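Contents: one structure, followed by commentary.
Protein chains in written order, with our numbering: chain A, 2 to 628; chain B, 5 to 78.
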């Protein structure tokens, strides 16, 4: 019979790495029923009947932020689930006292729901490397729950942990007798309202347990302090921050270029093989224009999504992102934000949706609301195909040090900085014009140890993100592409795009985009991109594909260059796309997180007006400079 | 003296929390190790008023002036 096991632990306890080790590649991410929290689940590699669920890391079952409350509620909902047979609480043995405070809360909660719990005492490899040890049996006897020494990194003790989990599943009644015999039960964690004396008791117990059974000695390695002294230094810290961010953006453009070229060549090769095999006429034109022209133009950018997710994940895993939040705290305060806003904002560089979810970690509701205002202006990966296309069309592919640092990379950095500055400008203006209704909540952030990233989970995450991008955005792009192709191909079988149904419709809306030098084809592409930004590329690909007739297999960049688009219009498009909120999913998630359509509607309208005005201004300025 | 006043490289023991600090934050700080009687070391004090790094047990936290100045140490 299938049973579920909950994995819970504090952030940085190594819980997710343990989950990856126990489940291998067999994972999926799902929302817990009724609760919008991402919980990964996967089958155990040794027992397919055992489903493991990786709950988000929390410091305590007494939630103080929105995100923690959702995670803690999900944990209690999990405990109430009859299919959940046991709970594994992951504790970092190098920081035992803090881990035990949380473990005691978990043990108490599990006791109330009659669920067996096992303590996974993680990072014993670090203890071993410092010639230290802890008394697992003594701790288990004191807690009256099994304590298993493990190392999620090296795999040490995982077999023992799986054996304990299996025994809990096979004989759940054994736990009830343990509780009856008297466990370490403190306060009433279930109602989230522990009085001060109970907290003191928990703390004293954790302190005593850590002192009696924990490792003796100093484990904090001096190298961490030395690295902090460098990365948080007034000068070196700032310089390294700018350098790391610069490398991040270079990696997604200049360094991704060879892979993108390879994908493009592959698609062109496939088109040249497949299209001649099809009967001439509408079918062949559809495959050539809509599939290879439209969807193919979008697939070229998937390597960039992969590299971006990989690099952001690497920075997070290395421990650097927390330092970046410290560096950004003071400057972000000027704009009404907090250092904790940095991580949601950086996540939004990959995608606004995880960024909006990550904003739950911003404890202050006001600062969280301000972070929501900034997130849609962060240069998300859906903007990347549009930026890449326009930059490739208008900026020369030259650079310095060979092509290691290219001008196109510089252009990409500039447009990214522009989006970020727009976001900060908005939050600064709004935070100063609207009065604070409450005092700010304090800034407390744990500094995780510096460590080498674990490549396997990072690569898997980047792969999942790319797959999600292709499958989710791909469906929308496919539907839009088909509609655009049909409207553009008929009634004259692609003979003259200007005389097609789409041509007539496009010419009606053309005056709206004429002020920044765009013809009706770009107008149609902009309108369709309000579903999702990347649709712009697919729509243009399809339109130029139909127009290009037999020569439609040439790259979209060349089509744009040959279309006679003024340079001012290219820059205006870049500015328009960096501001406009063209993402239905972002609006829907914002509605879910804020509980109403008010904020998404306000943002959609105001950012559309802002984008239009800024694009027009850009066109006028660039055209006057270009002469 | 408050925790914010603690110089880099120095240690002090937490005495109490100012009443201005909300009770749930006092609870959380205690859970993180900043509880009365605990020895805290200031490991890094960046310039320009950036949040400082404090070490408690084997963990390092970054606290800004809005919270560190509400913790009394001796």
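Here a beta-carbon is modelled for each residue, glycine too, at the ideal position from N, C-alpha and C.
Please read all numbers here as calculations on a predicted model, not as lab measurements.
Rounded Cβ spacing between residue 604 of chain A and residue 377 of chain A (contact assumed at less than 8 Å): Along the first chain, one-based indexing puts residue 604 of chain A at 603. Along the first chain, one-based indexing puts residue 377 of chain A at 376. Rounded to whole angstroms, the Cβ separation of residue 604 of chain A and residue 377 of chain A is 6 Å, and the two are in contact under 8 Å.
List the residues of chain B that residue 446 of chain A touches, going by C-beta distances under 7 Å, in chain order. Numbered from its first residue, the first chain carries residue 446 of chain A at position 445. Residues of chain B with a Cβ closer than 7 Å to the Cβ of residue 446 of chain A are, in chain order, 65 and 66.
Within the same chain, show all residues whose beta-carbon is closer than 7 Å to that of residue 1 of chain A, passing over the 5 residues directly before and after it, in chain order. Missing from the structure shown is residue 1 of chain A; chain A here goes from 2 to 628 and no further.
Could you tell me which residues DSSP pairs with residue 491 of chain A in its beta bridges? Along the first chain, read from residue 1 onward, the residue named residue 491 of chain A stands at position 490. Its beta-bridge partners do not exist; DSSP assigns none.
Taking Cβ positions only, does residue 51 of chain B come closer than 8 Å to chain A? For the purposes of this step, residue 51 of chain B is identified with residue 47 of the second chain, where counting begins at 1. Yes, because at least one Cβ of chain A sits closer than 8 Å to the Cβ of residue 51 of chain B.
Beta-carbon of residue 34 of chain B versus every beta-carbon of chain A: anything under 8 Å? Counted from its first residue, the second chain places residue 34 of chain B at position 30. Chain A, which has a Cβ nearer than 8 Å to the Cβ of residue 34 of chain B, makes this yes.
Flag this pair as yes or no: are the beta carbons of residue 391 of chain A and residue 544 of chain A separated by less than 8 Å? As a first step, residue 391 of chain A is located in the first chain; it is residue number 390 there, counting from the start. As a first step, residue 544 of chain A is located in the first chain; it is residue number 543 there, counting from the start. Taking C-beta atoms as the reference points, residue 391 of chain A and residue 544 of chain A fail to come closer than 8 Å.
Can you name the residues of chain B whose CB is closer than 8 Å to the CB of residue 96 of chain A? Looking up residue 96 of chain A in the first chain gives position 95. Going along chain B in sequence order, the residues near residue 96 of chain A (Cβ under 8 Å) are 61, 62 and 63.
Quick check: the stretch 459–470 of chain A against the stretch 267–284 of chain A, are at least 3 beta-carbon pairs closer than 8 Å? Short answer: they don't touch.
Ends of the beta strand (DSSP E) at residue 584 of chain A? By 1-based counting over the first chain, the position of residue 584 of chain A is 583. Here residue 584 of chain A belongs to no beta strand (DSSP E), and DSSP marks it neither H nor E.
When you compare only the Cα positions, how much space is there between residue 182 of chain A and residue 365 of chain A? As a working note, residue 182 of chain A is residue 181 in the first chain. As a working note, residue 365 of chain A is residue 364 in the first chain. Any reading at residue 182 of chain A is ruled out, since the residue's pLDDT is 43, under 50, leaving its predicted position unreliable.
Is there a C-beta anywhere in chain B that falls below 8 Å from the one on residue 342 of chain A? Here residue 342 of chain A refers to the residue found at position 341 of the first chain. No - not a single Cβ of chain B is within 8 Å of the one on residue 342 of chain A.
Which residue wins for smallest C-alpha separation from residue 460 of chain A, given the options A:137, A:16, A:266 and A:307? By one-based count along the first chain, residue 460 of chain A stands at place 459. Relative to residue 460 of chain A, the option among A:137, A:16, A:266 and A:307 whose CA is nearest is A:307.
Cutoff 7 Å; reference residue 132 of chain A; Cβ partners in own chain excluding five residues on either side: In the first chain, counting from the first residue as 1, residue 132 of chain A sits at position 131. Here the set comprises nothing.
Within 10 angstroms of its Cβ, does residue 598 of chain A collect 16 or more other Cβ (buried), or is it exposed? Position 597 of the first chain, counted from the start, is the residue given in the question as residue 598 of chain A. By the 10 Å Cβ count, residue 598 of chain A comes out exposed.
Inter-residue Cα distance where the pair is residue 211 of chain A and residue 96 of chain A: On the first chain, residue 211 of chain A is found 210 positions in, with the first residue counted as 1. On the first chain, residue 96 of chain A is found 95 positions in, with the first residue counted as 1. A direct Cα-Cα distance of roughly 9 Å separates residue 211 of chain A from residue 96 of chain A.
For a contact meaning CB atoms closer than 7 Å, what does residue 71 of chain B contact in chain A? Within the second chain, the letter at position 67 stands for residue 71 of chain B. Going along chain A in sequence order, the residues near residue 71 of chain B (Cβ under 7 Å) are 443, 444 and 445.
For the alpha helix (DSSP H) that residue 269 of chain A lies in, which residues bound it at each end? Counting from 1 along the first chain, the entry for residue 269 of chain A is found at position 268. It spans 258–275 - the alpha helix (DSSP H) in which residue 269 of chain A sits, taken as one unbroken run.
Mind checking whether residue 627 of chain A and residue 577 of chain A have CB atoms under 8 Å apart? Here residue 627 of chain A is taken as the residue at index 626 of the first chain, counted from 1. Here residue 577 of chain A is taken as the residue at index 576 of the first chain, counted from 1. No, Cβ-Cβ distance for residue 627 of chain A and residue 577 of chain A is not below 8 Å.
Excluding sequence positions up to five away, which residues of its chain have a Cβ less than 6 Å from the Cβ of residue 192 of chain A? By 1-based counting over the first chain, the position of residue 192 of chain A is 191. Bear in mind that the predicted position of residue 192 of chain A carries a pLDDT of just 42, short of 50, making it too unreliable to give a figure here.
Answer with buried or exposed for residue 618 of chain A, where buried requires no fewer than 16 other C-beta atoms within 10 angstroms of its C-beta. Here the question's residue 618 of chain A lines up with position 617 in the first chain. Result: exposed.
Would you say residue 185 of chain A reaches chain B, if we count a Cβ-Cβ gap shorter than 8 Å as a contact? As a first step, residue 185 of chain A is located in the first chain; it is residue number 184 there, counting from the start. With a pLDDT of only 45 at residue 185 of chain A, under 50, the local geometry of the prediction cannot be trusted, and the value read off the model is given with reservation. At a cut-off of 8 Å between C-beta atoms, residue 185 of chain A does not count as an interface residue with respect to chain B.
Beta-carbon within less than 6 Å of residue 481 of chain A's beta-carbon, same chain only, minus the 5 sequence neighbours each way: which residues are those? Position 480 of the first chain, counted from the start, is the residue given in the question as residue 481 of chain A. Closer than 6 Å at the Cβ level, and outside the excluded window around residue 481 of chain A, lie 529 and 536.
The beta strand (DSSP E) enclosing residue 19 of chain B, as first and last residue numbers: What you label residue 19 of chain B is simply residue 15 of the second chain in a count that begins at 1. Residues 15–21.
From residue 48 of chain A to residue 360 of chain A, what does the alpha carbon distance come to, in whole angstroms? By 1-based counting over the first chain, the position of residue 48 of chain A is 47. By 1-based counting over the first chain, the position of residue 360 of chain A is 359. If I take the Cα positions, the gap works out to 36 Å.
Cβ-Cβ separation, residue 60 of chain A to residue 35 of chain B (assumed contact under 8 Å), whole Å: Taking the second chain and counting its residues from 1, one reaches residue 35 of chain B at position 31. Taking the first chain and counting its residues from 1, one reaches residue 60 of chain A at position 59. The Cβ separation is near 6 Å, so the contact holds.
Ignore the nearest five residues each way along the sequence and tell me which others in residue 124 of chain A's own chain have a CB closer than 7 Å to its CB. Looking up residue 124 of chain A in the first chain gives position 123. Cβ within range, chain order: 15, 93, 94, 95 and 152.
Beta strand (DSSP E) segment containing residue 54 of chain A, residue limits: Your numbering for residue 54 of chain A matches position 53 in the first chain. It spans 51–55 - the beta strand (DSSP E) in which residue 54 of chain A sits, taken as one unbroken run.
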